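End of the sequence shown = 283 in the UniProt record's numbering, gap-free, step of one.
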Amino acid sequence: MSLHVKSREKVYPGSGGIERAYVPDDKVSWDCEWTDYSPTNYTAPIVAEHPVWADPDIMGKPDHNLKFNERDGNINRVSHMPKPYEVIDGFPRNPCGRTGMIGRGFLGKWGPNHAADPIVTRWKRNANGDVICNQTTNKQILQFVAIKRKDTGDWAIPGGMVDAGDTVSATLKREFGEEAMNSLEAPEEERNTIEKAVANLFRCGTEVYRGYVDDPRNTDNAWMETVAVNFHDAKGTSVGKFKLHAGDDAGDVQWADISGNISLYASHELFISKTAEILKAHW
Ligand code: RP5
Ligand code: MG
Ligand code: MG
């Protein structure tokens, strides 16, 4: 992962204008000493209220009993990064460096907040069903299911948090069903057909990425990590033929053409570019 950028964006999303301290590129690394570093302390009120999906507040409580870098009950606090993250004075420290903010912002967990990202793809076809190639690269054009996030308005992969005790594979399926097919609101019979097709396609995926996400909600003490998996409907006869319905935290949904010009939420461009490379598609 190159230097995180979105994790340093000035205005913290959804906070009503809370600003991070400015962190220049050469001060991102914790190895660079910075005695005057004065990050903003922000934890969103909804997180501070300690809902079931969030940890308790450990600010001013260095003797807390959260177990970092290990499985803590049914919460996975182990990072996907190659090394365990540092814990300084009882606080986990962002493995990719400074963000200009301490606390948890909108993230529930101290340390890694685990997500899963389903990248569902099909080939772009014309009305006759023939696959379309890009005229310059002569490579087949890939499409993926993109949702428009309600929080930032960015187009994104329909990913979601791995709930405590849940598996990555269950999360991939659930989030795709909720955000892109709106299976929650579909009539029961239709829901069954959709769920069967999704379950079939999701039986065999290709892991595209595992690690840190440059998410605009990251802080020095809480950050997003994900496992992104590609499920490719090569013939376009499975999930590729269903009508998409945005649901949950998605405001809109579409089959989006994949190319190097695409602009997406967090590090999602990186995951999509890796998918295009694996499937030898146009980029
Ligand atoms: C990103 O946030 C992940 O890559 C995933 O797409 C998403 C999970 O958060 P929510 O969609 O649940 O807000 O960092
Ligand atoms: Mg969701
Ligand atoms: Mg989501």
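We put the CB at the ideal spot given by N, CA and C, even for glycine. Please read all numbers here as calculations on a predicted model, not as lab measurements.
query, result
"With a threshold of 16 other CB atoms inside 10 Å of the CB of SER2, please say whether the residue is buried or exposed.", "exposed"
"Identify whether ASP252 lies in helix, strand or coil by the three-state DSSP scheme.", "strand"
"Could you give the first and the last residue of the continuous beta strand (DSSP E) run that contains ARG191?", "Per DSSP, ARG191 belongs to no beta strand (DSSP E); it is in the alpha helix (DSSP H), 188 to 201."
"Once DSSP output is grouped into helix, strand and coil, what is the label at ALA170?", "helix"
"Compare the C-alpha of HIS50 against each of LYS109, ASN113, ILE88 and ILE262 and name the closest.", "LYS109"
"What are the boundary residues of the alpha helix (DSSP H) that VAL47 is part of?", "45 to 48"
"Among the residues of its own chain, which have a CB less than 8 Å from the CB of THR171, if the five just before and after it don't count?", "ALA115, ALA116, GLY160, MET161, VAL162 and ASP163"
"When the Cα of ASP151 is compared with those of ASP252, GLY90 and PHE68, which residue comes out closest?", "ASP252"
"What is the rounded straight-line gap between the Cα of MET224 and the Cα of ALA54?", "14 Å"
"Mind listing which residues have their beta carbon within less than 6 Å of any non-hydrogen atom of ligand 2? Chain order is fine.", "GLY160, GLU175, GLU178, GLU179, ASP248 and ASP249"
"According to the Cβ coordinates, are GLY90 and VAL23 closer than 8 Å?", "no"
"Counting C-beta neighbours from all protein chains within 10 Å, is the total for ASP25 16 or more, i.e. buried, or is it exposed?", "exposed"
"So does the segment 229 to 240 actually touch the segment 118 to 136, counting three or more Cβ pairs closer than 8 Å?", "yes"
"For SER7, which of ASP215, SER267 and THR226 has the nearest alpha-carbon?", "ASP215"
"Among residues of its own chain, excluding the 5 on either side of ARG217, which ones have a beta-carbon nearer than 6 Å to its beta-carbon?", "GLY105, PHE106 and LEU107"
"Identify which residue in MET181, THR226 and TRP255 has its Cα closest to the Cα of SER79.", "THR226"
"Tell me whether PRO13 counts as near ligand 3, meaning its Cβ is closer than 7 Å to at least one heavy atom of that ligand.", "no"
"So what does DSSP say about PHE176, is it helix, strand or coil?", "helix"
"Taking only the alpha-carbon atoms, compute the straight-line gap between HIS282 and HIS232 and give it to the nearest angstrom.", "15 Å"
"In whole angstroms, what separates the C-alpha of residue 349 from that of GLU185?", "Any answer about residue 349 is impossible in this case: the structure gives the chain only from 1 up to 283."
"Give a single yes or no on whether PRO118 has its beta carbon closer than 7 Å to a heavy atom of ligand 3.", "no"
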